[in-house]
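S.K.:
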Amino acid sequence: MVGSVRHLHLMDLSDENVEPTAVIAAAAEGDLAAFEALYRRFAPRLYGLCLRLTGQREAAEDCVQESFVAAWRGLGRFEKRSRFSTWLQRIAIRTVIARRRGLRNVHEVGEPATGLPDRPDPDGVAIDLERAIAALPEGARDVLVLVGIYGYSHAEAGNVLGVAEGTCKAQLHRARGLLAAALGAEES
Amino acid sequence: MKTRVTVDEELKRLSPEIAPPRDLWPGVVRGIVRTPRSAPRLSSVPWMAYAASAAGICLAAALTWVMVDGYWPTTSSPGLANGSTPAATPPAQTLPNGSPRGSPAIESSAGVVASLGEPSDPHYLAARAELERTFDQRLAQLDPGTRAKIEADLASIRRARDDIRKALEAQPDSPVLEQLLASALHDELDLYDDVVRTTQPTSARI
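Order-wise, the sequence lines are chains A and B. For the first sequence, the numbering used here gives the first residue as 1, with consecutive numbering after it. For the second sequence, the numbering used here gives the first residue as 189, with consecutive numbering after it.
Listed below in structure tokens is the structure:
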């Protein structure tokens, strides 16, 4: 029985373009197997987001775990006005921001640019780029990650980061310039 | 020589997904178990917050008393002393003795514990069962010596838990004992979590 339920969940999640509403509903009802299926499906996206926002592997791992715990607790309030992945990402971004504030409060300073992905990258461009992104100032990095990699609009990024849309545009411009200088690429 | 490309073109080459270097699910389950959906927030229940506060103040003295009276085994884990995340609970109505592990683990912890205030919510029980299932699997993979030590630690924690329950039977209104019971339950979860984390499959690590 459990096996067949798990199979159904996995089948339901196989198409990235289809919102897994049945699995989400089951998880909201307390089905932990369904929630694990959601975790398996969305953890890589959340980890990528958290790793790029924090620049640290351990911090990213903590943020992903905290985000999924928060998602579990808040699933009953998920109103389906946005995609589930968007909702999850919003939770993750807020978790990262909250963690930064906490770290500042205790005067802890993390070492950036560690734990970057070890994916196959024969020409090293992606690794260079990831390191350059991790080295960006926080504000510029946040906007670049959300807009440049995760497809947020400036309005969406500004909303979730708690900054004005104009600030977002300025930070993106700044980030592009810094990246271009670091990589020897053209700015735009 | 690298061809000059735009920053935007470089960014488009990045995948939004990066596989975590290890399986983070056990940690998620641990978080779920620790903060079940239906668990009342301490701060939202004034008398519970008061009881927890009082228990915290008395904890050091209580620990001394417990040790002197022999309530607590000498092998209890350090989590007891840190007073972390107490879940002040109403006094027990029934106080069953300890029971064996296994699938019965749920009965031996969650089922019994429900009568002492630990959430009896099925979501919590399912999450806890998942954690214990993983713990059992990982424990079985360890060498006999390590496994025996962990089982001994677990038995100590459970003995302490049961002793505290007996004490609570005599003093059902004692916030100190409630605090100690909460600590024992957290110690048990910490042990599960330690084993699960430290036995993470090698292939899942960097």
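Note that CB positions come from ideal geometry on N, CA and C, so glycine has one too. The structure displayed is predicted, hence computed values, not measured ones.
Return helix, strand or coil for residue 223 of chain B, following the three-state DSSP convention.
M.R.: Coil.
S.K.: If you measure from the beta carbon of residue 180 of chain A to each beta carbon in chain B, is any gap under 8 Å?
M.R.: At least one chain B Cβ lies under 8 Å of residue 180 of chain A.
S.K.: By Cβ distance below 8 Å, which residues in the same chain neighbour residue 64 of chain A in space, the five residues on each side in sequence not counted?
M.R.: Excluding positions up to five away in sequence, the list reads 43, 46, 47, 50, 92.
S.K.: Would a check of beta-carbon distances place residue 68 of chain A closer than 8 Å to chain B?
M.R.: Closer than 8 Å to some Cβ of chain B, the Cβ of residue 68 of chain A qualifies, so yes.
S.K.: Excluding the five sequence neighbours on either side, which residues of its own chain have a C-beta within less than 8 Å of the C-beta of residue 338 of chain B, listed in chain order?
M.R.: Taken in chain order, the residues that qualify are 327, 330, 379, 383.
S.K.: In this structure, does DSSP put residue 194 of chain B in helix, strand or coil?
M.R.: It is a strand residue.
S.K.: Counting only Cβ pairs nearer than 8 Å, list the residues of chain B close to residue 45 of chain A.
M.R.: Those within 8 Å of residue 45 of chain A in chain B are 204, 205.
S.K.: Using DSSP with H/G/I as helix, E/B as strand and the rest coil, what is residue 79 of chain A?
M.R.: In this structure, residue 79 of chain A counts as coil in the three-state DSSP scheme.
S.K.: Could you run through the stretch 134-168 of chain A and flag, in chain order, every residue whose CB is less than 7 Å away from some CB of chain B?
M.R.: Under the 7 Å Cβ criterion, the stretch 134-168 of chain A contributes 148, 149, 150.
S.K.: For the stretch 63-96 of chain A, which residues have a beta carbon sitting closer than 8 Å to at least one beta carbon of chain B?
M.R.: Listed by position, the residues of the stretch 63-96 of chain A near chain B (Cβ gap below 8 Å) are 64, 65, 66, 68, 69, 72, 73, 76.
S.K.: For a test of the three-state rule: what should DSSP assign to residue 335 of chain B, helix, strand or coil?
M.R.: Helix.
S.K.: Below 8 Å on the Cβ atoms is my guess for residue 128 of chain A versus residue 179 of chain A; work out the distance and round it to an integer in Å.
M.R.: Actually they are not in contact, since the Cβ atoms of residue 128 of chain A and residue 179 of chain A sit about 10 Å apart, beyond 8 Å.
S.K.: Starting from the beta carbon of residue 126 of chain A, find every residue of chain B whose beta carbon is closer than 7 Å, and list them in chain order.
M.R.: Under the 7 Å cutoff, chain B gives 201, 202.
S.K.: In angstroms, rounded to a whole number, what distance separates the CA positions of residue 97 of chain A and residue 360 of chain B?
M.R.: Straight-line Cα distance between these residues: approximately 43 Å.
S.K.: I want to see whether chain B comes within less than 8 Å of residue 131 of chain A, judged by CB atoms only; does it?
M.R.: Cβ-Cβ to chain B under 8 Å: no for residue 131 of chain A.
S.K.: For the alpha helix (DSSP H) holding residue 58 of chain A, just list the boundary residues, first then last.
M.R.: Run containing residue 58 of chain A: 57-74, per the alpha helix (DSSP H) assignment.
S.K.: Between A/59, A/23, A/68, which lies nearest to residue 223 of chain B when the distance is taken from Cα to Cα?
M.R.: Among A/59, A/23, A/68, the Cα nearest to that of residue 223 of chain B belongs to A/68.
S.K.: Shortest alpha-carbon distance to residue 103 of chain A belongs to which of A/59, A/145, A/76?
M.R.: Checked all of A/59, A/145, A/76; the closest Cα to residue 103 of chain A is A/59.
S.K.: Specify the secondary structure class of residue 174 of chain A as computed by DSSP and reduced to three states.
M.R.: DSSP places residue 174 of chain A in helix when its eight states are reduced to three.
S.K.: Could you tell me whether the Cβ of residue 113 of chain A comes closer than 8 Å to any Cβ of chain B?
M.R.: Model confidence at residue 113 of chain A stands at a pLDDT of 45, short of 50, so the residue's coordinates are unreliable and nothing is read from them.
S.K.: Considering only their Cβ atoms, is the gap separating residue 373 of chain B from residue 217 of chain B smaller than 8 Å?
M.R.: No, Cβ-Cβ distance for residue 217 of chain B and residue 373 of chain B is not below 8 Å.
S.K.: For a contact defined as C-beta to C-beta under 7 Å, what are the partners of residue 311 of chain B on chain A?
M.R.: Residues of chain A passing the Cβ test: 30.
S.K.: Please name the residue in A/41, A/167, A/149 whose C-alpha comes closest to that of residue 16 of chain A.
M.R.: When each option's Cα is compared against that of residue 16 of chain A, the closest is A/41.
S.K.: Residues of chain B with CB closer than 8 Å to the CB of residue 51 of chain A, please, in chain order.
M.R.: What residue 51 of chain A touches in chain B: 206.
S.K.: Given that a residue counts as buried once 16 or more other Cβ atoms are within 10 Å of its Cβ, and exposed if not, what is residue 74 of chain A?
M.R.: Counting Cβ neighbours within 10 Å, residue 74 of chain A comes out exposed, since fewer than 16 surround it.
S.K.: Interface residues of chain B around residue 48 of chain A at Cβ under 8 Å?
M.R.: What residue 48 of chain A touches in chain B: 203, 204, 205, 206.
S.K.: Apart from the five residues just before and just after residue 83 of chain A, which ones in its own chain have a Cβ nearer than 7 Å to its Cβ?
M.R.: Same-chain partners within the cutoff: 19.
S.K.: Give the straight-line distance between the Cα atoms of residue 25 of chain A and residue 332 of chain B, rounded to the nearest whole angstrom.
M.R.: Those two C-alpha atoms are separated by around 43 Å.
S.K.: Looking at the structure shown, is residue 201 of chain B part of a helix, part of a strand, or coil, going by DSSP?
M.R.: In this structure, residue 201 of chain B counts as coil in the three-state DSSP scheme.
S.K.: I need the DSSP call for residue 150 of chain A, collapsed to helix, strand or coil.
M.R.: Residue 150 of chain A falls in the coil class under three-state DSSP.
S.K.: Within its chain, find whatever has a CB closer than 7 Å to the CB of residue 164 of chain A; leave out the 5 residues flanking it on each side and keep chain order.
M.R.: Around residue 164 of chain A: 158.
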